[in-house]
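Chains as they are written, first to last, in the working numbering: chain A, 1 to 480; chain B, 1 to 250; chain C, 1 to 445. First comes the structure, then the notes that go with it.
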């Protein structure tokens, strides 16, 4: 956009007095340039950021939603969505656990979520319940000491503009795909992590995150940068079910690993899947990509996906640096009428790059699930190796499980292996367990957990335990 | 303890058991012998509740309860436990998980609480030492990658921990070398007491040298055609099965 | 004029006189082709194969079926068989040998069958390969006026293979042909059918063939497709199979020739107990492009499929494998196995493989695997440690790689021909003198 038009746009907004109305907490539904300008203004963003958003918006206008996935959903009306809504004020939130839906609390109990976290997760006005702020402050001090920057993306844009500008959109360009373009135009929240050269982040960023980021936005934007020889383990989401009124979620996550850096990114996604008839539920269209930019860098994605009505998600790795490593470990569980189309892309560009994909899908009820993956070996990726294992388990005869692995191999020194199986829980395994006195539902959950073990062991310890519990809760009632 | 009366069983439209009668009392060890295809394994599978076996006639009572009305796991919790001829592999599920889940399920059925962890570990360590099993077996997935002998020892280990009232062992000696068989037999013998019964299903007499039965039954063509004491097994070993068959026809 | 219009214009040059039912089908095919146009790479089914070389070509229709008899003897398989020969899509009575057919076996050129036997043929023709399958089947429906109709009465076991040879000539003006093959096997009938594509080495024609195979209860068909056409020939084929209860279809799909070869192989396992086995091999070099799309539809319970495709790629060649297994809801207790293994001999060769599973029944055993890599270096070392030099060791292992598919081939004459061709085409740096003999010696030892 020409700078003059830009100027005009900005002025026009001011004239209308739209963005100066600080009391306005929610914009009316609809998306145009003024909405974006409003968001940018509200976030006190520098001018370049607004320009960047508008650029994305203009590209988005020219794009069409993808139609290749194995998903079915009614068309989304993007003009019916409200693109900015400030967080609820403490007084509007439940004041204590007594005001929270008991069903939700029951699930927390089953998942073994620590008592002091349940309130935060249920959206109870945190300060009123317990002193999480001080916990968070302790964490923050510790991180600060190590030189790690960990803050909201909005704060980062204000406080560390040069860092954000250097990396934002370099892994997932604005025009990457329909949902990424939309996100780039309207994102309102998300996290920023920068781990400086040689620093190993002193803690898992999960603990902190769970308390502070329970209310994430609809268009989340996350950027994690690990400088040379730095390391970080980041956990997004949590095992607790998230009730969210926004039906469409379109997040973008960008990871950048420089030389010898290691980023481990784990996700547990348990958003509202809709009722048994498929009503309601979150549409989750996420773009996650990691860039192994430096030699010997490593990016590892681990995900446990049990929620959402629709999941469209392919955490990927661009393996540019020599000997860089990309990993993807995934468990996806669908029940009821959920649909998931998920997988990964491993793009081998540099020499001797390696990637591993382990994807486990469990479909129950009337759900439908697809693994979609791409392993691409470029002509310069000498000695590249990939190993893919992709197993599906079907529970009941009303569900579907599908596998669509693409391999594009352009180098004779590459080794690419793909194995996939689809089966149901063998009758004789069930019989064996039951003949030892274990009831059918427990036997199923035990076998399913065994099936997922390769992935769970990649999760940070505390979450591995919760993930197992989560699996059982998700599959409840799917047997018999 | 166990009373099987006039049992008729059909598998995939084929009649396998044709009016089998068997009574087992507490404290007894019974051996069922017979040629291949006589229905030996069918009997133990039906008692344990395996799918695909249709009981067309007859009853099975265990301590007065109608076994055929019970779910598979209810039977196990009631104390009816089957040692498999071909133990099943369950990838990813640790042996120790299976043991603990099974034991706690049984305790829950008896109205007892879960076994405290230290007590459980002590029990498991002790029994696996008895079965000459390295503790590392407990951490491995159930039967996955186990040798034939290891699988069979694992079956007995489960018996030792779950302490069934009636242990049914289907061809527990198949595929075992003599040393492994001794370990298995010692394990089984250690289960013998006045309150417990054991049902051995075997093709060969060899096992019965190590686990001496009180009663031996010959199962031919879906019926028990001859019963006797431990000497009957020796006779069978010597003379084969044909003479029993002839005798029973005559 | 658009490319489809340009192609369809050739229809007007065709001789007329079609029976009305044939004319109606031609029209439907032409209309559908015109509506669809040539596929582009935006079409998922054609993601890795660009057909512009076909769409932009100018292909006439052949007017005679002459073929040099000395060359013919070089090209044809040396096999005792019932033989039907097409030259550039036209039937050659002179080169065919259809005498002495046993009772219960009927083999006719399509042109004759349409006129003489239209009631029997009309019902089956086009039943499996409708005009919607792809633009090429629509195009074939518009043009097809020659081919082979094979009908086997119930219980007929054919004593000799049925050999359909399709030859392509090096014409000044490239030609196109749209052969149509129909194989109808009655209950428990058994036969071996060979589709062999060959021709003059400078031929640059476009062959667009559609094959339909119907297997009634208990029928067994071994189907060979041997593609040895000139490295400048363009070839699009689709094979559609409908299998009744307890029938067996064994496919052997061997690709050595052609500049651009695309084969779609689709089997519908419609009857309980039906079995399909797909064996495939592609060995490509230069700038050859071979694309194999296979689909097995498990529509009935207790059906079985097993697929094994191997590819060896050299120079700047490109291979595509897309294998899909579809299991319909309630098609319980099926087993489906699929494997694709590829060997890249050159850094500039590329393989794009996509083994897909789409499953809507739960009591299934399905697995697929795809591997791409190089020769096992331990094996290379093992051979070298026995005194075999490295190029030879690699050549032997490449042959062994191919051999896993060739072992399944039941017709020796084809197995040997392919093996010799592979050996002969392995790069010179592998020093291939007497390789096959060595390989055979090793096998025998």
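In this text, a Cβ means the ideal position worked out from N, Cα and C, and glycines have one as well.
Residue 180 of chain B and residue 206 of chain B closer than 9 Å at C-beta: Within the second chain, residue 180 of chain B is the residue found at index 180, counting from 1. Within the second chain, residue 206 of chain B is the residue found at index 206, counting from 1. No.
Sequence ranges, beta strand (DSSP E) only - wholly within the region 4–37 of chain B, length at least 3: If only complete runs of 3 or more residues are kept, the region 4–37 of chain B shows the beta strand (DSSP E) at 14–24, 29–33, in order along the chain.
Segment limits, alpha helix (DSSP H) that includes residue 185 of chain A: For the purposes of this step, residue 185 of chain A is taken as residue 185 along the first chain, with counting starting at 1. From DSSP, the alpha helix (DSSP H) with residue 185 of chain A extends over 178–186.
For residue 83 of chain B and residue 433 of chain A, the rounded distance between their alpha carbons: Here residue 433 of chain A is taken as the residue at index 433 of the first chain, counted from 1. Here residue 83 of chain B is taken as the residue at index 83 of the second chain, counted from 1. Distance from the CA atom of residue 433 of chain A to the CA atom of residue 83 of chain B, rounded to whole angstroms, is 12 Å.
Proximal chain B residues relative to residue 198 of chain A, where beta-carbon distance stays under 8 Å: If you number the first chain from 1, residue 198 of chain A lands on position 198. By Cβ distance, chain B contributes nothing, its closest Cβ being about 37 Å from residue 198 of chain A, past 8 Å.
Ranges of the beta strand (DSSP E) found wholly within the region 225–259 of chain C, counting only runs of at least 3: Runs found: 234–243, 248–255.
Backbone secondary structure at residue 370 of chain C - three-state DSSP: Within the third chain, numbered from 1, the residue matching residue 370 of chain C stands at position 370. Note: residue 370 of chain C maps to strand in three-state DSSP.
CB contact check: residue 156 of chain B to chain A, cutoff 9 Å: By 1-based counting over the second chain, the position of residue 156 of chain B is 156. By this cut-off, residue 156 of chain B is not an interface position.
Within chain A, partners of residue 367 of chain C - CB distance below 8 Å: Sequence index remark: in the third chain, residue 367 of chain C carries index 367 (1-based). Result: 419, 420, 421, 422.
Residue nearest to residue 234 of chain B in terms of C-alpha spacing, selected from B:247, B:219, B:33, B:133: Taking the second chain and counting its residues from 1, the one referred to as residue 234 of chain B is at position 234. Minimum Cα distance to residue 234 of chain B is reached at B:33.
Limits of the alpha helix (DSSP H) - the one that residue 122 of chain B falls within: As a position in the second chain, residue 122 of chain B is number 122, starting the count at 1. Where residue 122 of chain B is concerned, the enclosing alpha helix (DSSP H) stretches over 117–130.
Assigned secondary structure, residue 2 of chain B (DSSP; H/G/I helix, E/B strand, else coil): Translated into the one-based positions of the second chain, residue 2 of chain B becomes position 2. Note: residue 2 of chain B maps to strand in three-state DSSP.
Proximity below 9 Å, CB of residue 344 of chain C to CB of residue 374 of chain C: In the third chain, residue 344 of chain C corresponds to position 344, counting from 1. In the third chain, residue 374 of chain C corresponds to position 374, counting from 1. In this structure, residue 344 of chain C sits near residue 374 of chain C, with a CB-CB distance shorter than 9 Å.
Strand pairing of residue 176 of chain C, partner residues [DSSP]: Looking up residue 176 of chain C in the third chain gives position 176. Under DSSP, residue 176 of chain C shares a beta bridge with C:61, C:206.
Supposed close pair residue 322 of chain A, residue 348 of chain A - CB separation, criterion 8 Å: Translated into positions along the first chain, residue 322 of chain A becomes position 322. Translated into positions along the first chain, residue 348 of chain A becomes position 348. Actually they are not in contact, since the Cβ atoms of residue 322 of chain A and residue 348 of chain A sit about 11 Å apart, beyond 8 Å.
Supposed close pair residue 83 of chain C, residue 165 of chain C - CB separation, criterion 8 Å: As a first step, residue 83 of chain C is located in the third chain; it is residue number 83 there, counting from the start. As a first step, residue 165 of chain C is located in the third chain; it is residue number 165 there, counting from the start. That belief holds up - the Cβ atoms of residue 83 of chain C and residue 165 of chain C are roughly 6 Å apart, short of 8 Å.
is_contact[residue 97 of chain B, chain A] using C-beta, thresh 9 Å: Counting from one through the second chain, the residue named residue 97 of chain B turns up at place 97. Answer yes: the Cβ-Cβ gap between residue 97 of chain B and chain A drops below 9 Å somewhere.
Enclosing beta strand (DSSP E) for residue 399 of chain A [first to last residue]: By one-based count along the first chain, residue 399 of chain A stands at place 399. Residue 399 of chain A: not part of any beta strand (DSSP E); DSSP gives it neither H nor E.
Residue burial classification, residue 296 of chain C (beta-carbon count within 10 angstroms, cutoff 16): Counted from its first residue, the third chain places residue 296 of chain C at position 296. Note on residue 296 of chain C: 16 or more other CB atoms within 10 angstroms of its CB, so buried under the neighbour-count rule.
Cβ distance (whole Å) where residue 266 of chain B is taken to contact residue 225 of chain B below 8 Å: There is simply no residue 266 of chain B to check, as chain B begins at 1 and stops at 250 in what is shown.
Reduced DSSP secondary structure (H/G/I, E/B, other) of residue 67 of chain B: Counting from 1 along the second chain, the entry for residue 67 of chain B is found at position 67. Residue state, collapsed to three classes: helix.
Three-pair Cβ contact test at 8 Å for the region 173–188 of chain C versus the region 216–226 of chain C: Contact holds between the region 173–188 of chain C and the region 216–226 of chain C, because three or more Cβ pairs, one in each stretch, are under 8 Å apart.
Rounded distance between the beta-carbons of residue 203 of chain C and residue 500 of chain C, thought under 8 Å: Residue 500 of chain C lies beyond the residue range present for chain C, which begins at 1 and ends at 445; the question has no answer from this structure.
C-beta neighbour in chain A for residue 360 of chain C, strict 9 Å: Taking the third chain and counting its residues from 1, one reaches residue 360 of chain C at position 360. Yes, residue 360 of chain C lies at the interface with chain A (some Cβ there is under 9 Å from its Cβ).
Test item: CB-CB of residue 281 of chain C and residue 402 of chain C under 9 Å: As a first step, residue 281 of chain C must be located in the third chain, where it is residue number 281. As a first step, residue 402 of chain C must be located in the third chain, where it is residue number 402. Residue 281 of chain C places its beta carbon less than 9 Å from that of residue 402 of chain C.
Cutoff 9 Å: residue 68 of chain A Cβ touching any chain C Cβ: As a first step, residue 68 of chain A is located in the first chain; it is residue number 68 there, counting from the start. For residue 68 of chain A, the answer is yes, since a Cβ of chain C falls inside 9 Å of its Cβ.
With 16 other Cβ atoms within 10 Å as the buried cut-off, status of residue 209 of chain A: Taking the first residue of the first chain as 1, we reach residue 209 of chain A at position 209. For residue 209 of chain A, the predicted structure reports a pLDDT of 47, less than 50, and the residue's modelled location is therefore unreliable. A value from the coordinates is still provided. Burial is judged here by how many other beta carbons sit within 10 angstroms of a residue's own beta carbon; residue 209 of chain A has at least 16 and is buried.
Residue 447 of chain C - DSSP class collapsed to helix/strand/coil: Past the edges of chain C, shown from 1 to 445, lies residue 447 of chain C, and the structure says nothing about it.
CB contact check: residue 348 of chain A to chain C, cutoff 9 Å: As a working note, residue 348 of chain A is residue 348 in the first chain. Not an interface residue.
Close beta carbons around residue 394 of chain A, own chain, < 6 Å, minus the five adjacent residues each side: Start at 1 with the first residue of the first chain, and residue 394 of chain A comes out as number 394. 363, 401, 424, listed in sequence order.
Proximal residues, the region 401–415 of chain A versus chain C, C-beta separation under 8 Å: Result list: 401, 402, 403, 404, 405, 406, 407, 408, 409, 410, 411, 412, 413, 414, 415.
Which listed residue (A:281, A:273, A:234, A:229) has its alpha carbon closest to that of residue 295 of chain A: Along the first chain, one-based indexing puts residue 295 of chain A at 295. Of A:281, A:273, A:234, A:229, the residue nearest in Cα terms is A:229.
C-beta neighbour in chain C for residue 395 of chain A, strict 9 Å: On the first chain, residue 395 of chain A is found 395 positions in, with the first residue counted as 1. So yes, residue 395 of chain A belongs to the interface.
Reduced DSSP category for residue 201 of chain A - H, G, I as helix; E, B as strand; rest coil: Working through the first chain from its first residue, we reach residue 201 of chain A at position 201. In the three-state reduction of the DSSP assignment, residue 201 of chain A falls in the coil class, being assigned neither a helical nor a strand state.
Cβ neighbour criterion (16 or more within 10 Å) applied to residue 68 of chain A: Within the first chain, residue 68 of chain A is the residue found at index 68, counting from 1. Exposed, because fewer than 16 other Cβ atoms sit within 10 Å of the Cβ of residue 68 of chain A.
Exposure label - residue 151 of chain B; buried when at least 16 CB within 10 Å: Residue mapping note: residue 151 of chain B aligns to position 151 of the second chain, counting from 1. By the beta-carbon neighbour count (other beta carbons within 10 angstroms, threshold 16), residue 151 of chain B is buried.
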